Amino acid sequence: MAKDVSRDRWIKASLLTGSGLLWLALVAIPLGSVLIRLRSVTALLDPEILQIVRFTAIQASVSTAISILIGFPLGLVLGRPLALADRFSGLRRMLLAMPYGVPTVVAGTAWVIWLGRSGILAESGLRLDWAYTAAGVVTAHVFFNAPWVALLVSESRARIANDLIDAAGTLGAGSWGRFKWITWPAVKWVLASSATQVFSLCVMSFALVLILGGGPPVQTLETALYARMRYGSLDLDGAVACGIWELTLTLLPWALLLLIQPSWSAAERETAGVRPRGSGSSRRQSGWLVFATTLVSALFMVPYVAVIFSSGMKPWQALLAPGSIEQLSTPLKWTAILAILSGIGTLGLTLLSVLAARALAKVPAMQRLFTTLWVLPSGISVLVLGLGFWLAYGKWLDPFSGSLTAMVALQAILFTPVAFRMIWPVARSSPEILLEAATGLGASKLQRFLAVEWPRLRSPIFSALAIVMGASVGEVAAVSLFYGEGIFPLPLLLSRWMGQYRFEEAQALSAVLLVLASGTIALVSRWGFYDKRS
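Those letters in the sequence shown? Residues 101 to 634, by this note's numbering.
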């Protein structure tokens, strides 16, 4: 018995040490290298840098405000009991979730094809000419983020106990009174956190701004950092200044939100109670509202789907031309390799961190801190981390000849928070009764895991792997600092073709990337499905 206890302690210590060292190597040391590299505060106050900071903050604020103005009311409508009960509820949720599966490099290409001088809208007589302008960047951000806000708000609204709303109506409260005293307390912090998340995403937006911005007139901190690393002469001081300002803009709103967010009152917790299944009115939602909300939900995907079918066979003929085919072979190979390695690396890193977090189950405060540290990279620009890799590990990871190791490491730390959030809620607790029963029947630890734990973990593990591999296919920021002509994935080829005004080839390649990303997610996630009888 004492030997088993000692072995368990050694395993837990090894898990915590290994995951801690990896977090230091992948997050702490790169960020520390960026901060230490700042030689003078005057670099932060350079007029050109300050102008970029101002534009970044303004475009992110405008994008966030419009996303909230569209997503918040849509989410309130979709979260109503009548909306949840109609037959199109699942379809609307799927439509709202789909834009997040579109690679950002594909989204940027699609909006150039829509908004350019010879784009789809111009050919139809509507000459907005928003490509390569701030208006185009804001439009793309809104179409990308408003559906996400609507989903979060609708989930929060759906958790309101119907009895509270009915009771308020019985007591004479009108629509405004029910919203003020019941709905608003339940959704206000979800709205605040989603607004903070959207703002951070707009600050960290890379591919959309790189493709749709068109250069210095529409330059954010993210693209300015990239330009100082890969375009023209290397300017590490300017890149570090951009990185520190970007960290400030992305992390400060989260810090402020945590400071001002009070603990929920008892009344607010009751308001946010889980809606009982089958409760609520038996009335049906009006047909026009069902049609309108479904149509609005579908509109967010129209810009991406329409690009595939808008120009007939011309883009495909251009893509299949001998010169284009030759340029595709190497990027296609590296995209597949990168997706596989990033999926394996992310899954390994996530499972290690999950097991280490479980080892802290008896110390809840330390467990919360540990899990927070592992999801922290979701609020940090991958380009800032890439700059830290460049500064800390540049002797071993040559950024100019291409480094597959750096690409995989950056994608792994980028996607680990997503995978962690999917696996941890299931893995944090074990079905003790079933495990004790299996032990009583003489099952070994491996047999207990396969019979009890694996059926619970299989679906979230494969779902996380599918999302990571699908996202890796279209991810451009994590590979943009460490590519070389020998290591050049498809998203970078698409970005290069857009810069060369090869719009027809880019349009067809966008469709290929969209199909590859969604197909990878569908194929790998299918492995996670299993017969419930097992």
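Note that beta-carbon positions come from the ideal geometry of N, C-alpha and C, so glycine has one too.
Just so we're clear, the structure is a prediction, and the values are computed from it rather than from any experiment.
Assuming residue i and residue j form a contact by the criterion Cβ under 8 Å, report the distance between their Cβ atoms to the nearest whole angstrom.
i                 : j              : result
leucine 312       : valine 237     : 5 Å
serine 424        : glutamate 605  : 5 Å
leucine 321       : cysteine 342   : 5 Å
arginine 137      : leucine 334    : Arginine 137 to leucine 334, Cβ: 13 Å. No contact.
phenylalanine 489 : proline 130    : 5 Å
isoleucine 523    : leucine 557    : 7 Å
glycine 225       : leucine 310    : About 29 Å separates the two Cβ atoms, so there is no contact after all.
threonine 350     : glycine 219    : About 31 Å; that fails the 8 Å criterion.
phenylalanine 603 : isoleucine 213 : 6 Å
isoleucine 344    : leucine 144    : 6 Å
In terms of residues, what are the limits of the alpha helix (DSSP H) holding residue i?
i                 : result
glutamine 427     : 422 to 458
isoleucine 513    : 504 to 527
lysine 414        : 414 to 419
arginine 180      : Looking at the DSSP string, arginine 180 is not in any alpha helix (DSSP H), and its letter there is neither H nor E.
tryptophan 496    : Unbroken run through tryptophan 496: none, as it is neither H nor E.
glutamine 297     : 284 to 304
aspartate 337     : 336 to 360
arginine 192      : 189 to 197
isoleucine 136    : 129 to 137
glutamate 585     : Here glutamate 585 belongs to no alpha helix (DSSP H), and DSSP marks it neither H nor E.
threonine 44      : Outside the modelled stretch of the chain, which goes from 101 to 634, sits residue 44, for which no answer is possible.
arginine 556      : 554 to 574
tryptophan 211    : 204 to 215
phenylalanine 409 : 402 to 409
isoleucine 311    : 307 to 313
Going by the beta-carbon positions, is the gap between residue i and residue j smaller than 8 Å?
i              : j              : result
glutamate 346  : valine 402     : no
alanine 234    : valine 298     : no
valine 127     : proline 477    : yes
leucine 251    : alanine 324    : no
glycine 201    : serine 254     : no
isoleucine 360 : valine 249     : no
valine 134     : leucine 487    : yes
tyrosine 404   : glycine 502    : no
alanine 69     : isoleucine 170 : Lying outside 101 to 634, the shown extent of the chain, residue 69 is not represented and no answer is given.
valine 508     : leucine 593    : no
serine 397     : arginine 192   : yes
leucine 483    : tyrosine 331   : no
valine 242     : threonine 393  : no
glycine 443    : valine 340     : no
Taking the straight line between their C-alpha atoms, what separation do you get for residue i and residue j?
i                 : j                 : result
phenylalanine 391 : valine 141        : 56 Å
alanine 564       : leucine 301       : 21 Å
leucine 451       : proline 560       : 11 Å
threonine 117     : arginine 109      : 12 Å
methionine 466    : serine 119        : 14 Å
proline 376       : alanine 439       : Model confidence at proline 376 stands at a pLDDT of 41, short of 50, so the residue's coordinates are unreliable; what they give is reported in the following sentence. Their backbone Cα atoms lie some 41 Å apart in a straight line.
leucine 228       : alanine 222       : 7 Å
leucine 291       : alanine 355       : 16 Å
alanine 459       : alanine 566       : 27 Å
leucine 616       : glutamate 426     : 19 Å
alanine 456       : lysine 112        : 7 Å
glycine 445       : alanine 231       : 37 Å
phenylalanine 155 : leucine 473       : 30 Å
glycine 494       : methionine 413    : 45 Å
glycine 190       : glycine 599       : 39 Å
serine 379        : arginine 257      : Because the pLDDT at serine 379 is just 43, under 50, the model does not fix this residue reliably, and the value given afterwards should be weighed accordingly. Those two C-alpha atoms are separated by around 14 Å.
alanine 436       : leucine 469       : 35 Å
glutamate 148     : alanine 519       : 38 Å
valine 526        : phenylalanine 549 : 14 Å
tryptophan 416    : leucine 609       : 8 Å
arginine 528      : glycine 574       : 31 Å
arginine 369      : alanine 286       : A caution first: arginine 369 carries a pLDDT of 42, below 50, which makes its placement in the model unreliable, though a value can still be read off. Near 8 Å, if we compare the C-alpha coordinates of alanine 286 and arginine 369.
phenylalanine 306 : alanine 551       : 44 Å
arginine 139      : phenylalanine 400 : 45 Å
isoleucine 587    : serine 429        : 12 Å
leucine 308       : arginine 107      : 51 Å
leucine 121       : leucine 510       : 16 Å
tyrosine 601      : leucine 215       : 14 Å
leucine 590       : alanine 571       : 13 Å
leucine 389       : tryptophan 284    : 22 Å
leucine 447       : glycine 619       : 19 Å
phenylalanine 629 : proline 555       : For phenylalanine 629, the predicted model reports a pLDDT of 47, less than 50, meaning its position is unreliable and no value from the coordinates is stated.
proline 199       : alanine 421       : 30 Å
leucine 497       : leucine 504       : 9 Å
Tell me, please, whether the CB atom of residue i is closer than 8 Å to any CB atom in chain D?
i           : result
glycine 313 : Looking for chain D here will not work: only one protein chain is present.
Are three or more beta carbon pairs between the region 162 to 171 and the region 237 to 247 nearer than 8 Å?
Flag = yes, the region 162 to 171 and the region 237 to 247 touch.
Decide if the region 508 to 521 is in contact with the region 572 to 583; the criterion is three or more beta carbon pairs, one per stretch, under 8 Å apart.
By the Cβ rule, the region 508 to 521 counts as touching the region 572 to 583, because three or more pairs are nearer than 8 Å.
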